[in-house]
Amino acid sequence: AVKQIVNGSGLVTAYYQNGKKSMEYTLKNGDRDGRYIEYFSNGNMWEDATYKNGFVHGSQKLYYANGKLQSDENNYYDDLDGLCTYYYKDGKTEKTIVYRIDTRHGQSQYFTTAGKLEKTIVYYDGKVLSEQ
């Protein structure tokens with residue numbers, strides 16, 4: 256790993272043995288802060304997230320090794336918060352779930368591998384209100 260850190264702050268970059276970058280992120284006062292990127296050994300991105308004071312805060316995207324998006328989540332200090340979308344390996348939407356501070360709250364939709372809406376569940380504070 257290549258570290259350019261002064262007083263707990265700076266850029267950290269790590270590499271695989273094959274020379275490709277494995278991760279890159281910024282530290283601020285010893286905590287991850289800002290963009291965090293991690294890669295598969297083939298060079299494709301695995302994770303692209305935003306950190307604040309050591310917590311995932313904002314967007315967090317995970318990818319399959321083939322480069323397709325696996326999940327797109329919103330976070331509030333490490334808790335899922337807002338619309339989160341998950342994908343099958345072929346890129347089609349698997350499900351969309353709305354969270355409020357790590358609890359399902361709102362409409363969630365689930366799709367078949369063919370892309371057809373399979374069911375819709377409405378949550379209120381983690382409890383199922385309706386299911387279609």
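In our numbering, each number is its position in the sequence shown, counted from 1, plus 255.
Every residue gets a Cβ at the ideal spot worked out from N, C-alpha and C, and that includes glycine.
As the structure is a computational prediction, the values presented were derived from the model and not from experiment.
Bridge partners for residue i per DSSP, in chain order?
| i | result |
| --- | --- |
| E293 | M278, E302 |
| D333 | Looking at the DSSP assignment, D333 forms no beta bridge with any residue, so it has no partner. |
| D327 | K316, T340 |
| Q364 | T351, T375 |
| I260 | G265 |
On the premise that residue j lies in contact with residue i, defined as a C-beta separation below 8 Å, what is that separation, rounded to the nearest angstrom?
| i | j | result |
| --- | --- | --- |
| Q325 | Y306 | Q325 to Y306, Cβ: 19 Å. No contact. |
| W301 | Y280 | That pair is no contact at about 13 Å. |
Helix, strand or coil for residue i, going by three-state DSSP, please let me know.
| i | result |
| --- | --- |
| T351 | strand |
| D288 | strand |
| Y270 | strand |
Going by C-alpha distance, which of the options is nearest residue i?
| i | options | result |
| --- | --- | --- |
| V311 | Y291, S296, K374, H360 | Y291 |
| T367 | G346, I356, R359 | G346 |
| S314 | L338, S363, Q362 | L338 |
| S277 | G289, V267, D327 | V267 |
| E349 | Y331, R359, Y365 | Y365 |
| R359 | K344, D380, D286, K374 | D380 |
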